[in-house]
Structures are given as structure tokens and as C-alpha cells.
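Numbering (full-length UniProt numbering), first residue to last: 1 to 143.
Right, here's the structure in full:
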């Protein structure tokens, strides 16, 4: 079975109508998918097999007033449990990093919990350098 790994573009939100159950945290909201893909700074690299999305990486390239180049923030990586252990996470991550290079990003970063062993292995295997400091995540509820 062939699995295609590629970035989705504007107008391709319809491809997210068929997604394996455990790729995203929640069900796809069609209007948000269209809005996400229409924004040139939002990126969704997907793995498609038999017209079903079986993996994804979402990322955002962003600019900051004190940075000379854009940076790539990798938000989430998700692979269907039926497709784990096949190198698909690595292929998705490498495609996302290649996209970041094409966009002129000189740095890409992602955060994870130390207890997330699969993510820790994936990011290390992809050449990521673990930062020495401890990071704390604060969440602000805005509703």
C-alpha cells in the first residue's frame, strides 16, 4: 500500500473529510480547516493512504520583530495507531522540516512532555537538540 506524504494547500480542506480516528485530538471542523489552510503561515503536512488521512503534522511559520528570519513552530504530530511503528512520523516530520527550509526558516521547534516517550524518540531521531532548561507550560482560559 502506498502512503503519500505532502503539504495540503488552500482549497484542499475536503481531504480532511476522511481522517483515521486517532490522528487529530478532536473531530475536524470544516470551516476551521478551510480557514487554517487559507492562511499562508499555517501548514498541514499529511499522510494519505487509500484516500484516508492517517497522519499529520501541523505547523506555523511566524515572524518576530527581533528575528531576522521566520521560525517554524511545530504544533502537533499525529499518526493513526494502525500506522505507528512504520516510520510515518519521521517521514511527516522530515517533510515539515523541508517545508520550513523552503519558507526560509532557519529554526524549527516543538515542545513535548518528557514522559511522551514516542515523541522524545521521534524528535531525537530527526536530529532535534533537546534544550537544557526545564520548560513550564501555562494555559490561560479566555472564555
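A virtual CB, placed ideally from N, CA and C, is assigned to each residue, including glycine. Everything numeric in this text was worked out from a predicted model, so none of it was measured.
Bounding residues of the alpha helix (DSSP H) (the contiguous stretch that carries residue i)
{"i": "residue 6", "result": "Where residue 6 is concerned, there is no enclosing alpha helix (DSSP H), although the beta strand (DSSP E) it sits in stretches over 4-7."}
Simplified DSSP state of residue i, which is helix, strand or coil
{"i": "residue 102", "result": "helix"}
{"i": "residue 55", "result": "strand"}
{"i": "residue 142", "result": "coil"}
{"i": "residue 119", "result": "helix"}
{"i": "residue 38", "result": "helix"}
{"i": "residue 20", "result": "coil"}
8 Å contact criterion, which residue i and residue j should meet: CB distance rounded
{"i": "residue 105", "j": "residue 72", "result": "4 Å"}
{"i": "residue 41", "j": "residue 61", "result": "5 Å"}
{"i": "residue 55", "j": "residue 29", "result": "With 8 Å as the limit, residue 55 and residue 29 do not qualify as a contact, their Cβ atoms being about 19 Å apart."}
{"i": "residue 77", "j": "residue 87", "result": "That pair is no contact at about 13 Å."}
{"i": "residue 46", "j": "residue 8", "result": "6 Å"}
{"i": "residue 119", "j": "residue 80", "result": "So it is not a contact: roughly 16 Å between Cβ atoms."}
{"i": "residue 112", "j": "residue 123", "result": "7 Å"}
Where residue i falls, given that 16 or more other Cβ within 10 Å makes a residue buried
{"i": "residue 59", "result": "buried"}
{"i": "residue 140", "result": "exposed"}
{"i": "residue 127", "result": "exposed"}
{"i": "residue 138", "result": "exposed"}
Per DSSP, the bridge partner or partners of residue i
{"i": "residue 45", "result": "7 and 57"}
{"i": "residue 28", "result": "BP columns for residue 28 are empty, so no partner."}
Run of the beta strand (DSSP E) containing residue i, from where it starts to where it stops
{"i": "residue 72", "result": "71-79"}
{"i": "residue 108", "result": "107-109"}
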